[in-house]
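The sequence shown maps to residues 4 to 134 in my numbering. In this text, a Cβ means the ideal position worked out from N, Cα and C, and glycines have one as well. One structure is given below, encoded as structure tokens.
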Amino acid sequence: MKRFAVSVLGAATLFIGVVAEPASGATIKRALIYGDSLTLEARPTITSLFAPKASWQVTVKAIPGTALCEYASTLASDLATIQPYVVTMEPHGGTNSPNTGCWDQNIVRDSPEYYAAYRQDIRDVFSAVTA
């Protein structure tokens, strides 16, 4: 399956929404949107924008304070079961959230190691989504 976009912005599954049934024979496109508290707050707007689009289904997963690497545990499963056409990620840009358990907590923020780890997380997500 071809997935067209990966968007990564630095900064419990709360909703799975399904829009109206598409016309007979229409191709269903699925959007998978991961994020932190900003995505959580935007969820009503996101789902309302997709609602009139009968050929789209949207899944929004938002956990406040979440780092990109924290979605690694569910990404493969979500890609297999949801089969999204587009994936967007808007995670917390840091590593010091109480949720983050996937980074070495001794990495100093804004250090070369910090940016190297974050770049690796982006590469890992991109590789999974575009495989």
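Buried or exposed by the 16-neighbour rule on C-beta atoms within 10 Å, applied to residue i
i      : result
Ser130 : exposed
Tyr118 : exposed
Thr69  : buried
Arg126 : exposed
Pro94  : buried
Arg46  : buried
Val111 : exposed
Thr48  : exposed
Thr133 : exposed
Thr62  : buried
Pro115 : exposed
Val128 : buried
Gln60  : buried
Glu24  : Low per-residue confidence applies at Glu24: pLDDT is 48, beneath 50, and the placement is therefore not dependable enough to give any value.
Rounded Cβ spacing between residue i and residue j (contact assumed at less than 8 Å)
i      : j      : result
Leu43  : Ala65  : 4 Å
Asp124 : Leu71  : 4 Å
Gly58  : Thr30  : It is Ser, not Gly, that sits at residue 58 in the sequence shown. The Cβ separation is near 7 Å, so the contact holds.
Pro87  : Arg33  : 5 Å
Trp106 : Ala120 : 6 Å
Residue i in three-state terms, based on DSSP
i      : result
Ile36  : strand
Thr30  : coil
Glu44  : helix
Val132 : helix
Arg2   : Residue numbering for the chain in the displayed model covers 4 to 134; residue 2 lies beyond these limits and cannot be assessed.
Gln86  : coil
Asp127 : helix
Asp107 : coil
Limits of the unbroken beta strand (DSSP E) element including residue i
i     : result
Val89 : 89 to 93
Below-7 Å beta-carbon distance, residue i vs any chain B residue
i     : result
Ile66 : No chain B appears in the structure shown, which is made up of a single protein chain.
Whole beta strand (DSSP E) elements within the region 52 to 78, 3-residue minimum = 59 to 65
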